[in-house]
Amino acid sequence: LVQLSMPLNFMGMIYREIKQALIDIDDMFKILHRNPEIADRPGAAPLAITEAVVRFEDVHFAYVPERPILRGISFTVPAGRTVAIVGPSGAGKSTLSRLLFRFYEPQAGRITVDGQDIAGVQQESLRAAIGMVPQDTVLFNDTIGYNIRYGRWEASEAELREAATLAQIDRFIAALPEGYDTPVGERGLKLSGGEKQRVAIARTILKGPPILVLDEATSALDSFTEREIQDALDRVSRGRTTLVIAHRLSTVVGADEIIVLDQGRIAERGTHLALLAQGGVYAAMWNRQREAEAAREALKRAEAQE
Ligand code: ATP
8 LVQLSMPLNF
18 MGMIYREIKQ
28 ALIDIDDMFK
38 ILHRNPEIAD
48 RPGAAPLAIT
58 EAVVRFEDVH
68 FAYVPERPIL
78 RGISFTVPAG
88 RTVAIVGPSG
98 AGKSTLSRLL
108 FRFYEPQAGR
118 ITVDGQDIAG
128 VQQESLRAAI
138 GMVPQDTVLF
148 NDTIGYNIRY
158 GRWEASEAEL
168 REAATLAQID
178 RFIAALPEGY
188 DTPVGERGLK
198 LSGGEKQRVA
208 IARTILKGPP
218 ILVLDEATSA
228 LDSFTEREIQ
238 DALDRVSRGR
248 TTLVIAHRLS
258 TVVGADEIIV
268 LDQGRIAERG
278 THLALLAQGG
288 VYAAMWNRQR
298 EAEAAREALK
308 RAEAQE
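Residue numbers for the sequence shown follow the numbering used here, so the first one is 8 and each next one is one higher.
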């Protein structure tokens, strides 16, 4: 039995380590989209951030040659501004963020940060400059404090608390039995989708990257949670160059520019009000979402009355 239990214990240890490694969101993103063909060019220099201007210049991209996903996409996210990408499912919205992280390379055109082609800089420096709030955050099986601190290990206790406050998760943590030392994740306290997202926001605030990618959750949150998360996202993106991959239109209203992707091309672009006035694809999407929301609310009211 002893002979059998030793290797089993050992396997258990390895299993836990692999699981822990897999559970890191950034790593998960990297593992899912790892592309061995993409490596640093010989002599690549680190990315030098001055203002953090992000530019897509006539970008063409296909995962497989016979199916083009992006066909000549050009836009600029000016320093400290927010650009939102909207469009039907499968339009290529998340592909733009994968290209910005350089998990894939455009077949034509280029992406620059402060004028430097990202294909020619050290990958580590590029990824260090970009913070990501993903759609679904997976937490480490550790304390809630550890999960936030992961953004920057050397952060002080005061900085940790400040990040939690900005992400609007501080009061929730204060009410937990062991505060910041409360275990979370699979073997600890289970957090809701909205709470997990706020942990991810706090972690990103602590990391303090000049460029942000917000990949909005597709899953519906209740409207109170959605508003709280929106407030937290507004705070984290203030003063940072931000690309929002939006699935719900209500979150893009305040963006400096909205880009409507359709079949690999930019179908429309402008501010929320300008696009509504234009009465095109965006206006139609907006009206459809508004009608769907109104129907949901009416159903809820009817259920409450029963
Ligand atoms: P959604 O709103 O549903 O998240 P999206 O606009 O973000 O969609 P993308 O994830 O960018 O869409 O995907 C664009 C297209 O590329 C989709 O048709 C998808 O099936 C395809 N695609 C995504 N990843 C790969 C891949 N690794 N290999 C091949 N095709 C892929």
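Here a beta-carbon is modelled for each residue, glycine too, at the ideal position from N, C-alpha and C.
#### Entry: Sequence-distant residues of the same chain with beta carbon closer than 8 Å to residue 170, five excluded per side
By 1-based counting over the sequence shown, the position of residue 170 is 163. Within the same chain, residue 170 has close Cβ partners 155, 158, 162, 209, 210, 212, 213.
### Message
When you compare the CB positions of residue 59 and residue 86, do they come within less than 8 Å of one another, or not?
### Response
Numbered from its first residue, the sequence shown carries residue 59 at position 52. Numbered from its first residue, the sequence shown carries residue 86 at position 79. For residue 59 and residue 86, yes; Cβs fall inside 8 Å.
### Query
Starting from residue 219 and walking both ways along the beta strand (DSSP E), at which residues does that stretch end?
Position 212 of the sequence shown, counted from the first residue, corresponds to residue 219. For residue 219, the uninterrupted beta strand (DSSP E) run begins and ends at 218-222, by DSSP.
### Query
So does residue 102 have its beta carbon nearer than 7 Å to some heavy atom of the ligand ATP?
The residue given as residue 102 occupies position 95 in the sequence shown. Yes.
### Query
Would you say residue 289 and residue 267 are within 8 Å of each other, going by their C-beta atoms?
Taking the first residue of the sequence shown as 1, we reach residue 289 at position 282. Taking the first residue of the sequence shown as 1, we reach residue 267 at position 260. Yes, the pair counts as a contact, with Cβ atoms nearer than the cut-off.
### Message
Within the continuous alpha helix (DSSP H) that includes residue 77, where are the two ends?
### Response
Numbered from 1 along the sequence shown, position 70 holds the residue referred to as residue 77. Element bounds for residue 77: not the alpha helix (DSSP H) but the beta strand (DSSP E), 75-84.
### Task
Identify whether residue 279 lies in helix, strand or coil by the three-state DSSP scheme.
Position 272 of the sequence shown, counted from the first residue, corresponds to residue 279. If DSSP states are grouped into helix, strand and coil, residue 279 belongs with the helices.
### Task
Please report how far the alpha carbon of residue 54 lies from the alpha carbon of residue 134, in whole angstroms.
The residue you call residue 54 lines up with position 47 of the sequence shown. The residue you call residue 134 lines up with position 127 of the sequence shown. C-alpha separation (whole angstroms): 10 Å.
### Query
Can you name, in chain order, every residue of its own chain whose Cβ lies under 6 Å from the Cβ of residue 281, other than the five neighbours on each side?
As a working note, residue 281 is residue 274 in the sequence shown. Excluding the 5 residues flanking it on each side, residue 281 has no same chain C-beta neighbour closer than 6 Å.
### Task
With a cut-off of 8 Å on the beta carbons, I'd call residue 251 and residue 239 a contact; round off their distance for me.
Taking the first residue of the sequence shown as position 1, residue 251 is located at position 244. Taking the first residue of the sequence shown as position 1, residue 239 is located at position 232. That pair is no contact at about 13 Å.
### Sequence-distant residues of the same chain with beta carbon closer than 6 Å to residue 116, five excluded per side
Residue mapping note: residue 116 aligns to position 109 of the sequence shown, counting from 1. Within its own chain, the residues whose Cβ lies closer than 6 Å to the Cβ of residue 116, once the five positions on either side in sequence are excluded, are 64, 65, 66, 67, listed in chain order.
### Task
May I ask you to verify whether the region 174-193 touches the region 117-125, counting CB pairs closer than 8 Å and requiring at least 3?
Touching, no.
### beta-carbon residue 71 near the ligand ATP non-hydrogen atom, thresh 7 Å
Looking up residue 71 in the sequence shown gives position 64. Residue 71: yes, Cβ under 7 Å from the ligand ATP.
### Task
Please report how far the alpha carbon of residue 183 lies from the alpha carbon of residue 176, in whole angstroms.
Here residue 183 refers to the residue found at position 176 when the sequence shown is read from its first residue. Here residue 176 refers to the residue found at position 169 when the sequence shown is read from its first residue. Cα to Cα, residue 183 sits roughly 11 Å from residue 176.
### Message
Short of 7 Å in beta carbon distance, which residues of its chain neighbour residue 256, apart from the five on each side in sequence? Order them along the chain.
### Response
Position 249 of the sequence shown, counted from the start, is the residue given in the question as residue 256. The residues are 93, 292, 293, 296.
#### Entry: As assigned by DSSP and simplified to three states, the class of residue 107
Walking along the sequence shown from the start, residue 107 turns up at place 100. Secondary structure at residue 107: helix, using DSSP grouped into helix, strand and coil.
### Query
Taking the alpha-carbon positions, what's the residue 178 to residue 232 distance?
Your numbering for residue 178 matches position 171 in the sequence shown. Your numbering for residue 232 matches position 225 in the sequence shown. Residue 178 and residue 232: Cα-Cα distance of roughly 14 Å.
### Task
Could you name the residues of the same chain whose beta carbon sits closer than 6 Å to that of residue 215, not counting the 5 residues immediately before and after it, in chain order?
The residue labelled residue 215 in the question sits at position 208 within the sequence shown. Beyond the five residues adjoining it in sequence on each side, residue 215 comes within less than 6 Å, by CB distance, of no other residue in the same chain.
### Query
What does a CB cutoff of less than 7 Å around residue 108 pick up in its chain, not counting 5 residues either side in sequence?
Counting from 1 along the sequence shown, the entry for residue 108 is found at position 101. 134, 137, listed in sequence order.
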